[in-house]
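Peer 1: Chains as they are written, first to last, in our numbering: chain R, 1 to 418; chain P, 419 to 667; chain X, 668 to 916; chain U, 917 to 1232; chain V, 1233 to 1716. For each residue, glycine too, the CB sits at the ideal point set by N, CA and C. Because the structure is a prediction, the values reported are computed rather than measured. Dropping a structure here in structure tokens format, bear with me for questions.
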Amino acid sequence: MAYVSAPAEPPFRLSMLIYDRRYRSLTFQVIVFILVMAVAWWLVDNTITNLSAMGKDFNFGFLFQRAGYDIPQTLIPYTANDTHFRAAVIGLLNTLLVSILGCIAATVLGVAVGVARLSNNWLFARLMTVYVEIFRNMPLLLWILIIYAIFTEVLPPPNAYRGDDPAASMILFDSVALTNRYTSIPTLAMTNDPGSLDLGARVTINWATISFIVAILGGLYVRRLIGNWAQSIQNATGSRPTTWWMSLAVMTIPSIILIFFFGLHLVPPELKGFNFTGGINVQNSLVALWLALTLYTGAFIAEIVRAGILAVSKGQSEAAFALGMRPKRTMNLVILPQALRVIVPPLISQYLNLMKNSSLAIAVGYMDLRGTLGGTTLNQTGRELESMVLMMATYLVLSLIISAGMNIFNSRVKLKER
Amino acid sequence: MQVSDEVAIEINAMNKWYGTFHVLRDINLTVHRGERIVIAGPSGSGKSTLIRCINRLEEHQSGKIVVDGVELTSDIKNIDKVRSEVGMVFQHFNLFPHLTILENCTLAPIWVRKVPKRQAEETAMHYLTKVKIPDQAHKYPGQLSGGQQQRVAIARSLCMKPRIMLFDEPTSALDPEMIKEVLDTMIELAEEGMTMLCVTHEMGFAQAVANRVIFMDQGQIVEQNNPYDFFNNPQSERTKLFLSQILGH
Amino acid sequence: MQVSDEVAIEINAMNKWYGTFHVLRDINLTVHRGERIVIAGPSGSGKSTLIRCINRLEEHQSGKIVVDGVELTSDIKNIDKVRSEVGMVFQHFNLFPHLTILENCTLAPIWVRKVPKRQAEETAMHYLTKVKIPDQAHKYPGQLSGGQQQRVAIARSLCMKPRIMLFDEPTSALDPEMIKEVLDTMIELAEEGMTMLCVTHEMGFAQAVANRVIFMDQGQIVEQNNPYDFFNNPQSERTKLFLSQILGH
Amino acid sequence: DTLAEVKARGELNCGVNTGLAGFAAPDASGNWTGFDVAICKAVAAAVLGDPAKVKYVPTTGQTRFTALASGEVDVLARNSTWTFSRDTDLKLDFVGVNYFDGQGFMVSKDLGVTSAKELDGATVCIQTGTTTELNLADFFQANNMSYQPVNIDSNAEGEQQYMAGACDAYTTDASGLAATRAAFADPENHIILPEIISKEPLGPAVRHGDSNWGDIVRWTLYALIAAEEYGITSKNLEELAKSSQNPEVQRLLGTTDDLGAMIGLDKEWARRAIAASGNYGEIFAANIGEQTPIGLARGLNAQWTQGGLQYAMPFR
Amino acid sequence: MSDTHAQTVSFVRETMIEASPPPEKQAGAVKWLRENLFSGPVNTALTLLAILAIWFLINHFWNWVAHSVWNANSLNECRQIIRDTWGEGSTGACWAVIRERWNQYTFGFYPMDLYWRPTMSFGLLFVALAPVLFSESRKIRRIVLAVAAVVTLASMIQLNAPTPWLIFAAIVLIGGLIISERNNSWLLVFSLLYPFLGVWWLWGGSLWGPIMVIVGPVLGYIAWKLLGRISPILASVGMIGVTLFWWLALAGRAARDAENILSLAITPVNSDRFGGFLLSTTIGIAAIAISLPLGIVLALARRSDMFLVKSLAVMFIEFIRGVPLITLLFVASLLLNYFLPPGTNFDIILRVIIMVTIFAAAYMAEVIRGGLAALPKGQYEAADALGLDYWKAQRLIILPQALKISIPGIVSTFIGMFKDTTLVTFVGLYDPLKSMSDAVRASTAWKGIYWEPYIFVGAIFFIICFGMSRYSMYLERRLQRDHR
Ligand SMILES: Nc1ncnc2c1ncn2[C@@H]1O[C@H](COP(=O)(O)OP(=O)(O)OP(=O)(O)O)[C@@H](O)[C@H]1O
Ligand SMILES: Nc1ncnc2c1ncn2[C@@H]1O[C@H](COP(=O)(O)OP(=O)(O)OP(=O)(O)O)[C@@H](O)[C@H]1O
Ligand SMILES: [Mg+2]
Ligand SMILES: [Mg+2]
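What follows is the structure, given as structure tokens:
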């Protein structure tokens, strides 16, 4: 047998930087690193030169100067005398508000439409297809503009509610006024106001609100206990007791008690002066943006839901049928849990898109983060570099939080494989 | 291995179409309780379709199928009754990947048969022991080998305590080493007297356990016979051709 | 079927880990030019890994592998040299589905060996004729049966004019009807004196063509012998157990 | 050095409004006309010798200053108010005032409002990123009144909202209001309230730090104003250049002294600037004057000799 | 066991039964209705609901659509006509605005006598795309090219294109058609040249500019070939160095000198004249063309096992995907000049294209990464085993397959990006949707017209995007059928 004697480990030669697998990637990475650093340095250097040429600096001090402008709709108190920082926070809260509302509504709509598209009702399924295709294939901006235009052009101005023989009248037992500026809905008032909890920075939260939150969370907790109890009965005897009325009771009764305790009642808006007062005026810019985001994203979600359900192989439902399970059970126990794994990741990236798309608020003058920090503040202070950096960083952080949530979900539901 | 006189499945002049494609033609078949029938035939001959008609995964359009005394019509109650009497094992196992092995086995007993969970789990463990994988009960299907998965699928069906078992090529998606373990399980089942209909190309299995081998071609039953005669003395030309191919190498 | 004294592959005290899992342990193996070696062993014993180390699809961590006088280190030039001398056929064929059969066969000669296209096509047709599918040259892999695909895969490797061929369970993904045609091709190749290492469970093949059968278990070579003695007179307990399983049903 | 850049480029980048009738708006074939546009043309004529060598960059209230600061435009001839912080903190230099304006309110007649003081609780449409936004907040705060702002992005959108009744009042510079109102189908149904709540001196701006370029734009503007004062019009320009005995006119038109050399231009720069679209008065009359649909009176913008505020520094 | 055999009745079928047609109740319209619309109470309710919705829509919009006016010079005139024709108080659509301003919606403020240039560029685009997009089917290619040829030439004649250019376009279109019949991949030469020609046709000016840009890589390639004999590293550095040096230092001057020697200039058109769908398609097509290769590079980088390369790719992709496109556009319009050397100032459309491209590339990278991940490992191994190196394996084996798998994702990224071109309105460009409609409404004649422009622009977007998505579905199905 011929035996090839073992040569010693070859000494390092320069050519190994290219020809040896171990070193080659290192070489390449070092080159890439140097290039990237060079470009980065070049950009930063240019920026410094440009800033100093203009006599500007990079300084976030402007955030604590007086903002001086008003914002139509805020979640926490704000006046023109507040700082730009508070204005930015208002904008961020507004972004979050429309995003969260949009996500919820789009999910509901998308799931309904997605399931409807699979329905064996030919006409209904087609109608849903038309909706999906129309909304997916036209720009979101168009929908925002159209819906906003519908609001301003079709709805009556508050003036139309005036006079003895008004051209328009309030709906829902004279409690809601739809105008081309806002939707005026009744406020909640209390006869026994328990006062508010001061969270600092002029943010307060009413004790009654806290009690309701506690009551609802408590209700949810008790409902879960009831569910567990029903499950244990089922485990023991095989049949599951009816519990929906118990759940209903624990969910509603504490709240009803609280309503009476605080003397909660609705105060409908009233037309006073130029506008409706006394109610909550939800700006049309918010509603239109919300509706447009919902309809647009809903169409995408519908596709995701449909694909997710179709992705569960036919074999799964056949296996369940062969075991004697009914279609509804099969859906709940076999199809949906599997479909969700497919649906949730793209669903969350739709949420991400919706959040980012909410920056189109600019088209309707809704004051979101881009409208305040990236809009008026930027413009009034001339701090475009700082404002843009801060704004992009905020969006980035929001996105990363959402994707982190998605990753956690993915790793939790990942199917175990060999 | 007794075959009783009692009729388990009775198929009478049954026809089925997919659209305009006549997939099953004039099928007549009587299966007695305790009988073990192997169905063979070339690909596309309608074997799977036949077996799937028996628990109404497919609808037939004419003729009659009576399972355990219950006729299969579009009456949902009858279908439910038949399905809970008839277990089915698929070529691709079709385990529920999101549930553990144990949950796979207890799901239907709990929700369909309304068996208490504890009891369902005991039954499940019993059958899992029988198919020799009690220690995998808390793993997920994806973590098992193909052979193990197919055995779980058999156990899952058995947990519903069916009186008839249908197998649709249970070993054809398996590696050669795993075929044996699944066939062993099926043989054991056969020895306990379960009524079985099995579509398979494993001729060794057919010879070992079947009472009857049915040969299908183009949607029809072309030949039925006991295994010995079927293999050694096939009557029709088609059967001969088929056997020469399948036993060729 | 001559075996020369020249050494084709020399593996010396080779070890390989996947992370902390010691998958190949102290492998010593010398393959002479013209030798035909069959590697057998239970699933997970490291057969595929061994074979994949030989053309550096996997990196080994200690010991030495010398192929055709070229030692496999992380030097890319050596790796390229070895790979163009060593052909490999996979269990799942791994044909390129977006290229026709002919393009599959000419791709590497053209781009790696820099053979003119015309000439590469001639060579390809020559080998396709050899594996008996010259008429399929302009079809896509997806249009062929598994057996045909595997033969194309063999032809594709041959087009690089390798001096050594590695086979990793070339028939185990095939339907029973198709195994024979692939084995025939391999036997023909063996008869022409190609150096071959073949992981397979086809014991008939091993008996027919192998000079040596190597039995692996748990990452080690447990037994090597000529086929006759290997099958009829296995030495180790594990080999006996394995043979009983594989030849069992 | 902006002058060299412009010359090298052969084109002046001029920041204008995205569309405000009378001040700057593209017509159907994309030709820009208007009061602000005339400044661009004059500067281009002075610097490059051809009033057509202008690239108009439409800017919104939000993008205008950055466009200037970042060098995207060389001069911003867009109704922008000269304020302390803009002049100092934003690193702009306002070179003069081409229109003395003030912020006002427009309301529909049937609202029955005659004074801005009666607007308590009203909904007001306002362009974001403008000084009007700040003035508005200050005005209502000072008068202890409340209001609901409706933020809009462009004048076109403001008109839409206002006409649909989505706001009770529209506020912007009085000139802008007039221009907007003029374009309505029923101008008589809308009134501009008498209160002018702020001083809005509008003028072209350039980047801070390039005073030579600033000088060119400033003196081009003054050349237009002075031309009106001396009675130089686009019609009699050539004639006066030859015949005028007035030393000031001679200096301005470059027949005697070479003022242009001091700002890096040739002798006849001012002559070309005036020739581009006429003197200040002609420009005013042609774009926003009483004969136009906009119908603005000269008012504060009359020559100082006529009791107005337009006053060109002496050419000497 | 043998006793059981006694019960078996041996059966052999002697005659085969012919297939018969399905029984009658399997077909028929009534059955269809019953099965698809009224198969249960829920189903019936849904059907009624759907009918109600359709009726509501028709009821509300039918009149408006039916009362369309196509010939008028202003909105008031339109309304007058509607009132006169259909009576007081009736409403109707005034499409006259589209009829009067269609050219603005299509070409923006592009000089009217040069309309033929964008038209020609667009028509020839199909020739450039033929080898890339329609390579799958000869028939489709034939149809697309023939239609493009006829429509382009007809429109050019209509738009008074000068005769030499008309002849040129005819040669390219018909030549493309003929060449594509014989050997489609020859057209790739035109595809490679098209970007430069397209830029030249759209923006005008001297052809020497684009030529000098092309010269850069050519010189780089020569440098690479020469230095490649010495050392590959030197070759790569040399190639990049030479190309950049040419572009930055010499190209401009060379173009000017060449122009002085031999003038190849056509009337220049400024970026500020671009608007409407011309702007959208310019941005869209440019961004599509660049984002695909960029996305591939990013995807490969993200899958690389080199830590640094991978992390840089991840950071870049996640950053771009984490911020709204609007903010990137604002960066393009507000901040880009901060990052560049003092005094650089380049076209806003170019800046927007860069940002949209980067944005699309990040999404593209993720789509392609999905395609790469979906490829079975065996493909990589087979390529390795055949001795193909990394780049060859990627180019010949991996990418062709990964891109095909990713087609649906790629196309939906394209669609998304095309729709997003409307956002350029926020940096002051005249997109067809908002800015252009605002501009139209700014004129006294059309003040107050909303729905018609929106519907018109929306319909065009719908046709294009829907068409693209259908085409991708067709391709997907076709690819599934082929090779399989
Ligand atoms: N859902 C369906 N719609 C239309 N045709 C079908 C459908 N399912 C099966 N077929 C057709 O019916 C015929 C019989 O199919 P079946 O699956 O019963 O054959 P098989 O004998 O089980 O074949 P194999 O051995 O390949 O499983 C085949 O030609 C098949 O193509
Ligand atoms: N990339 C990998 N990373 C970690 N472990 C691996 C990897 N590839 C294989 N293994 C493990 O290494 C062991 C040997 O694998 P190998 O594929 O060589 O076995 P084999 O003998 O070819 O088995 P089979 O007959 O199933 O193909 C197995 O336990 C396998 O799980
Ligand atoms: Mg079948
Ligand atoms: Mg293996």
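How long is the line joining the alpha carbons of V:Ser1423 and V:Tyr1570, rounded to whole angstroms?
Peer 2: 35 Å
Peer 1: Kindly indicate which three-state DSSP category R:Ala80 falls into: helix, strand or coil?
Peer 2: coil
Peer 1: Can you check whether the C-beta of X:Ile743 is within less than 8 Å of a C-beta belonging to chain R?
Peer 2: yes
Peer 1: So P:Val441 packs on P:Gly464, CB below 8 Å; how close in whole Å?
Peer 2: Right, their Cβ atoms sit about 5 Å apart.
Peer 1: In three-state DSSP terms, what is P:Glu428?
Peer 2: strand
Peer 1: Just checking P:Tyr436 against ligand 1 - is the residue's beta carbon closer than 7 Å to any of the ligand's heavy atoms?
Peer 2: Yes; taking the cut-off as 7 Å, the Cβ of P:Tyr436 has a heavy atom of ligand 1 nearer than that.
Peer 1: Got a sec: does ligand 2 put a non-hydrogen atom nearer than 7 Å to the Cβ of X:Ser715?
Peer 2: Yes, the beta carbon of X:Ser715 sits closer than 7 Å to at least one heavy atom of ligand 2.
Peer 1: If V:Gly1340 sits next to V:Arg1461, beta carbons under 8 Å apart, how far is it from one beta carbon to the other, in whole angstroms?
Peer 2: With a Cβ gap of about 51 Å, V:Gly1340 and V:Arg1461 do not count as contacting.
Peer 1: Could you work out which residues of chain P lie near R:Arg412, taking near to mean beta carbons separated by less than 7 Å?
Peer 2: What R:Arg412 touches in chain P: nothing, since even the nearest Cβ is about 12 Å away.
Peer 1: Look at R:Ala80 and R:Thr377 and say whether their C-beta atoms are less than 8 Å apart.
Peer 2: no
Peer 1: Counting along the chain, where does the alpha helix (DSSP H) carrying X:His699 start and finish?
Peer 2: Element bounds for X:His699: not the alpha helix (DSSP H) but the beta strand (DSSP E), Phe688 to His699.
Peer 1: Between the stretch 1339 to 1361 of chain V and chain A, which residues of the former have CB atoms less than 9 Å from a CB of the latter, in chain order?
Peer 2: The structure shown contains no chain A; its protein chains are R, P, X, U and V.
Peer 1: Within 10 Å of its beta-carbon, does R:Ala2 have 16 or more other beta-carbons around it, so buried, or fewer, so exposed?
Peer 2: Low confidence applies to R:Ala2: its pLDDT is 37, below 50, so where it sits in the model is not reliable enough to give any reading.
Peer 1: So with CB distances below 7 Å, who are the chain X contacts of V:Asp1670?
Peer 2: Neighbours of V:Asp1670 on chain X: none; closest Cβ ~48 Å, over 7 Å.
Peer 1: When the Cα atoms are used, what is the spatial distance from P:Ile447 to X:Lys797?
Peer 2: Per the sequence shown, residue 447 of chain P should be read as Leu rather than Ile. If I take the Cα positions, the gap works out to 49 Å.
Peer 1: Going by the C-beta, is P:Glu489 closer than 7 Å to any heavy atom of ligand 5?
Peer 2: Ligand 5 is not part of this structure, which contains only ligand 1, ligand 2, ligand 3 and ligand 4.
Peer 1: Examine ligand 1 and report whether any of its heavy atoms sits within less than 7 Å of the Cβ of V:Phe1548.
Peer 2: no
Peer 1: Measure the C-alpha to C-alpha separation of V:Val1643 and V:Ile1585 and round it to an integer number of angstroms.
Peer 2: Rounded to whole angstroms, the separation of the alpha carbons of V:Ile1585 and V:Val1643 is 18 Å.
Peer 1: According to DSSP, is V:Ser1242 part of a helix, a strand, or is it coil?
Peer 2: Under the three-state reduction of DSSP output, V:Ser1242 falls in the coil class, being neither helix nor strand.
Peer 1: May I ask whether a heavy atom of ligand 1 can be found less than 7 Å away from the beta carbon of R:Gly315?
Peer 2: no
Peer 1: Going along the stretch 1371 to 1403 of chain V in order, which residues come within less than 8 Å of chain X, judged by CB to CB distance?
Peer 2: none
Peer 1: Spatial neighbours of U:Gln978 within its chain, please: CB distance less than 6 Å, with the 5 preceding and 5 following residues excluded, ordered by chain position.
Peer 2: Gly1045
Peer 1: For X:Met792, which three-state DSSP category applies?
Peer 2: Note: X:Met792 maps to helix in three-state DSSP.
Peer 1: State buried or exposed for U:Asn1238, treating a residue as buried only when at least 16 other CB atoms are found within 10 Å of its CB.
Peer 2: No answer is possible for residue 1238 of chain U: it lies beyond the span of chain U, which begins at 917 and ends at 1232.
Peer 1: Three or more beta-carbon pairs under 8 Å between the stretch 274 to 293 of chain R and the stretch 171 to 183 of chain R, yes or no?
Peer 2: yes
Peer 1: Determine the direct distance from the alpha carbon of R:Arg326 to that of R:Ala311, and round the result to whole angstroms.
Peer 2: 20 Å
Peer 1: According to DSSP, is U:Asn1067 helix, strand or coil?
Peer 2: strand
Peer 1: What is the residue span of the alpha helix (DSSP H) that P:Phe511 lies within?
Peer 2: DSSP places P:Phe511 in no alpha helix (DSSP H); its state is neither H nor E.
Peer 1: To the nearest angstrom, how far is it from the Cα of V:Pro1685 to the Cα of X:Leu769?
Peer 2: 55 Å
Peer 1: When you compare the CB of V:Arg1485 with every CB in chain U, is at least one pair closer than 8 Å?
Peer 2: Using a CB distance cut-off of 8 Å, V:Arg1485 does not count as an interface residue toward chain U.
Peer 1: Give me the Cα-Cα distance between P:Pro460 and V:Pro1255, rounded to the nearest whole angstrom.
Peer 2: Approximately 27 Å, taken between the alpha carbons.
Peer 1: Taking only runs that begin and end inside the stretch 1502 to 1573 of chain V, name each unbroken alpha helix (DSSP H) of 4 or more residues, in chain order.
Peer 2: 1508 to 1535, 1539 to 1554, 1557 to 1562 and 1568 to 1571
Peer 1: Kindly identify the DSSP beta-bridge partner or partners of P:Gln642.
Peer 2: P:Ile632 and V:Phe1243
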